[in-house]
Amino acid sequence: MTSRYREVYDAWRRDPEVCWLAAAAALDWSKPPSRAFDANAGVYGRWFPDGELNICHNAVDCHVAAGHGERTAIVYDSPVTGTKSRISYKALQREVMALALAMRGCGVETGDRVIIYMPMIPQAIVGMLACARIGAIHSVVFGGFAAKELAARIDDAAPKLILSASCGIEPARKVDYKPLLDKAIALAEHKPQAVIVKQRPEGGATLVDGRDHDWDILRETALQALDEGAESPCIAVCSTDPLYILYTSGTTGQPKGIVRDTGGYAVALHWSLKAIFDTDAGETFFCASDVGWVVGHSYIVYAPLLRGATTILFEGKPIGTPDAGTYWRVAAEHGAKVLFTAPTAIRGIRKEDPDGEMAKRHDLSKFAALFLAGERADPETIIWAENTLSKPVIDHWWQTESGWPMVANPLGLGLLPVKRGSPTVAMPGFDVTVLDPNGQPVGPNTMGAIAVKLPLPPGALPTLWNADERFRQSYLTEFPGYYATSDAGFLDDDGYLYVMGRTDDVINVAGHRLSTGEMEEAVGGHPAVAECAVIGMHDAVKGEVPCGFVVLKKGETIDRASIEAELVRTVREQIGPVAAFRQVLVVDRLPKTRSGKILRRTIKAIVDGSPFEIPATIEDPAALDEIQAIVAAR
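Here numbering that gives the first Met the number 0 is used: the first residue of the sequence shown is 0, the next is one more, and so on.
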């Protein structure tokens, strides 16, 4: 198949207005937009400024109205609880209508905020859609998030209601959410009017009289009311009205509330699921993420449902629930066309199953492609996955702020030639360039700061919650006229982007600017290495020197002194002695966030002896303890 990418991208470049209005026409608007963009509105402009719609209607009701109510909307697969279920679009509509009715009974109105603090269960998706149905703004916070961090988000969003569950289930433990939520509400200055709690069979929670409500009791009351003729309509909102707030950690300690508008987001996700991921109505999409991340918002919930596809909601881990073959089992059993996960998940699977034997146990005949994003996909991981699956493995790059892929290899438009280590090329709407410190574009194959020319396309953040000026200072002032991604890399002669790490991962070794990502690529190519991280540590003479941390493959017997010597020699050969790469530490595991990103900044702080706080999103705090002990011993 010849790729249509260049044709589609060039059409966008010639006339963005025509391009995005055509994409918008695929949705069901209460009031169709007459124009795509208003450059004079908001911080840098606003998309579909005079349009009105409801995203829940587009994600649920319109499919039922079109006669597809019996199609499966959600497959819930929870190996940690042994639970599986399928929810049709018609059943999902009824659940969403009931919760929306119950929320309105708790005083929630259009424009109010609702925090969702839940595990990966269908009620989390129902909660998001119920908010969208009545025009409330949802803010999903990871279930199990620390009380202090949750309290900060409660104070910033000022929710009228919180949706929660009694507990979350991890592979080896149960996490009681309700005590954490109660503590967070006690710490917060803002107090929600009501809390609705889903009591899970694995462990119940104590409800606070006068404030807390049992989810299932409200549900039964609302369902009865619907049966008796009560209405729970979709409320049309302006395209520019917020759909949700998604918090990221800010450098000031104050969380940044990424705002996502309704119309632009709906248009971008509806278009991207087919064009980039080649998934359409009636097909099954498996995004192995969490609804607490942007990936979960975009590609577990909204994009598949907007398109009329089936989405898999997976409550488990890539390894340990029960083994490293669980992703392949889920994809095969439910007929997933595409799996989207983080490179670190594949590295974890590779570590446990280096020969890929577990994938061979499952019928993956319906499986078309593996997409990777979240952090850099090193070539060795891509090669392993290609050899294991005999399917395309597609790296792509985006951020919480962008809402959908900025750079990708668009499967739905026809794949371009693959260059391992590159997420390929910019998607329509994103004019990606690489700048020097003075904001001037650099030539091909020259490292610099990756930036996107304004305006950002539909689906990207228009601002931060109640913080326009912080938005400008955080993203728009470093390079006027551009959105600063804070990532570093280069464009090659063919326009393929290489993302080599965050801009602060480009280290200065005796005046030489070097990419730690390039060093990680060299280290990760060693046959004994499952995954690695390279950080720049302070050096009194050179300013900074690199330090590597590696995890070996399961069953690897090479002694630590030998592997360290081999890796130092490898980097010297591939990058040169200028890299001054002389220190490698073997660890059992690397500290990561729950989305799989390696906590390189925290590792660097430990190595440099700088103060640090344990990130609220950390998956395994014991991994930091191990690094601290090893660094102290050195």
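Backbone N, C-alpha and C define an ideal beta-carbon position, used for all residues, glycine too.
Contact belief for T325 with P317 at Cβ below 8 Å, rounded distance in angstroms:
The residue labelled residue 325 in the question sits at position 326 within the sequence shown. The residue labelled residue 317 in the question sits at position 318 within the sequence shown. Confirmed, about 7 Å.
Does R70 have its Cβ less than 7 Å from a Cβ in chain D?
Absence of chain D from the displayed structure is noted, only one protein chain being present.
Would you identify the three-state DSSP class for P241, choosing helix, strand or coil?
Residue mapping note: residue 241 aligns to position 242 of the sequence shown, counting from 1. Three-state DSSP puts P241 in a strand.
Please report the straight-line C-alpha distance between F366 and A330, rounded to a whole angstrom.
The residue you call residue 366 lines up with position 367 of the sequence shown. The residue you call residue 330 lines up with position 331 of the sequence shown. The straight-line gap from Cα to Cα measures roughly 7 Å.
Rounded C-beta distance between L186 and V113? I'm assuming under 8 Å.
Counting from 1 along the sequence shown, the entry for residue 186 is found at position 187. Counting from 1 along the sequence shown, the entry for residue 113 is found at position 114. By a beta-carbon distance limit of 8 Å, L186 does not contact V113. Their separation comes to about 19 Å.
On the three-state DSSP scale, how would you describe T251?
Mapped onto the sequence shown, residue 251 falls at position 252. No answer about T251 holds up, because its pLDDT of 49 lies below 50 and its placement is not dependable.
Can you give the Cα-Cα distance for E16 and V451, rounded to whole angstroms?
Walking along the sequence shown from the start, residue 16 turns up at place 17. Walking along the sequence shown from the start, residue 451 turns up at place 452. Spanning the two alpha carbons is a distance of roughly 18 Å.
Output the boundary residues of the alpha helix (DSSP H) element that contains P15.
Stepping through the sequence shown from its first residue, residue 15 is reached at position 16. Residues P15 to A23.
Less than 6 Å between C-beta atoms, sequence neighbours within five positions excluded: which residues of the same chain meet that for E477?
Counting from one through the sequence shown, the residue named residue 477 turns up at place 478. Taken in chain order, the residues that qualify are A483.
With a threshold of 6 Å on Cβ separation, who are the neighbours of I597 within its own chain once the five nearest residues in sequence on each side are excluded?
Taking the first residue of the sequence shown as position 1, residue 597 is located at position 598. So the list reads A532, L589 and K591, once near-sequence residues are dropped.
Within the same chain, show all residues whose beta-carbon is closer than 6 Å to that of P416, passing over the 5 residues directly before and after it, in chain order.
Residue numbering aside, residue 416 sits at position 417 when the sequence shown is read from its first letter. Within the same chain, and ignoring the five residues on either side of P416 in sequence, no residue has its Cβ closer than 6 Å to its Cβ.
What residue from G442, C546, G554 and D352 has the CA that sits closest to L513's CA?
Position 514 of the sequence shown holds residue 513. Cα-wise, what sits closest to L513 is C546.
By alpha-carbon positions, which one of F285, E530, G41 and L369 ends up nearest to N408?
For the purposes of this step, residue 408 is identified with residue 409 of the sequence shown, where counting begins at 1. Looking at the Cα atoms, L369 is the closest of the given residues.
Check whether the stretch 600–612 touches the stretch 340–351, taking contact to mean three or more Cβ pairs, one atom from each stretch, closer than 8 Å.
In short, these stretches do not touch, since the Cβ pair count stays below three.
Suppose the cutoff is 6 Å on Cβ atoms and the five residues either side in sequence are ignored; what does the same chain contact list for L162 look like?
To locate residue 162, count along the sequence shown from 1; it is residue 163. Here the set comprises I115, G126 and I195.
Y4 to Y495, Cα distance in whole Å?
The residue labelled residue 4 in the question sits at position 5 within the sequence shown. The residue labelled residue 495 in the question sits at position 496 within the sequence shown. Distance between the alpha carbons of Y4 and Y495: 13 Å.
Does H333 come out as helix, strand or coil in the three-state DSSP assignment?
Sequence index remark: in the sequence shown, residue 333 carries index 334 (1-based). Assigned with DSSP and collapsed to three states, H333 falls in helix.
Going along the chain, which residues of its own chain have a beta-carbon closer than 8 Å to the beta-carbon of T250, five neighbours each way excluded?
Residue mapping note: residue 250 aligns to position 251 of the sequence shown, counting from 1. Low per-residue confidence applies at T250: pLDDT is 48, beneath 50, and the placement is therefore not dependable enough to give any value.
Measuring straight from C-alpha to C-alpha, what distance separates G373 and L52?
In the sequence shown, residue 373 corresponds to position 374, counting from 1. In the sequence shown, residue 52 corresponds to position 53, counting from 1. Straight-line Cα distance between these residues: approximately 31 Å.
Taking C-beta to C-beta, are K89 and G106 nearer than 7 Å?
The residue you call residue 89 lines up with position 90 of the sequence shown. The residue you call residue 106 lines up with position 107 of the sequence shown. No; because the gap between Cβ atoms is not below 7 Å, this pair is not in contact.
For the pair the stretch 288–307 and the stretch 384–394, tell me if three or more CB-CB distances fall below 8 Å.
no
I think R419 touches I381, with their Cβ atoms under 8 Å apart; what is that distance to the nearest whole Å?
On the sequence shown, residue 419 is found 420 positions in, with the first residue counted as 1. On the sequence shown, residue 381 is found 382 positions in, with the first residue counted as 1. About 5 Å separates the two Cβ atoms, so the contact holds.
With a floor of 3 residues, list each beta strand (DSSP E) that falls wholly inside the stretch 300–368, ordered by position along the chain.
309–313 and 337–340
Member of I184, L412 and R218 whose CA lies at the smallest distance from the CA of V207:
If you number the sequence shown from 1, residue 207 lands on position 208. The shortest C-alpha separation from V207 is found at I184.
Would you check if the stretch 171–178 and the stretch 131–140 touch, i.e. whether three or more CB-CB distances between them fall below 8 Å?
Contact between the stretch 131–140 and the stretch 171–178 is absent, because fewer than three Cβ pairs lie under 8 Å.
Would you mind listing the alpha helix (DSSP H) stretches within the stretch 520–597 that are 4+ residues and don't spill past its ends, in chain order?
Listed in chain order, they are 559–573.
So, under 8 Å CB-CB, A97 and A221 are touching, yes? Tell me the CB distance rounded to an integer number of Å.
For this step, residue 97 is matched to residue 98 along the sequence shown. For this step, residue 221 is matched to residue 222 along the sequence shown. 4 Å between Cβ atoms; contact.
If you scan the stretch 102–189 from start to end, which runs of the beta strand (DSSP E) of 3 or more residues do you find wholly inside it?
112–117, 136–141, 160–164, 166–169 and 172–175
So who's on the other strand from G203, going by DSSP bridges?
By one-based count along the sequence shown, residue 203 stands at place 204. Residue pairing by DSSP places G203 in no beta bridge whatsoever.
Which value, in whole angstroms, describes the spacing of the CA atoms of L414 and L363?
In the sequence shown, the residue the question calls residue 414 occupies position 415. In the sequence shown, the residue the question calls residue 363 occupies position 364. C-alpha separation (whole angstroms): 20 Å.
Does DSSP put K89 in a helix, a strand or coil?
The residue given as residue 89 occupies position 90 in the sequence shown. When DSSP states are grouped into helix, strand and coil, K89 belongs to the helix group.
Could you name the residues of the same chain whose beta carbon sits closer than 7 Å to that of V650, not counting the 5 residues immediately before and after it, in chain order?
The chain is shown only over 0 to 633; residue 650 falls outside these bounds and no answer can be derived.
From F429 to F285, what distance separates their C-alpha atoms?
On the sequence shown, residue 429 is found 430 positions in, with the first residue counted as 1. On the sequence shown, residue 285 is found 286 positions in, with the first residue counted as 1. Straight-line Cα distance between these residues: approximately 25 Å.
On the criterion of 16 or more Cβ atoms from any shown chain inside 10 Å, does A101 qualify as buried, or is it exposed?
Walking along the sequence shown from the start, residue 101 turns up at place 102. Buried, because 16 or more other Cβ atoms sit within 10 Å of the Cβ of A101.
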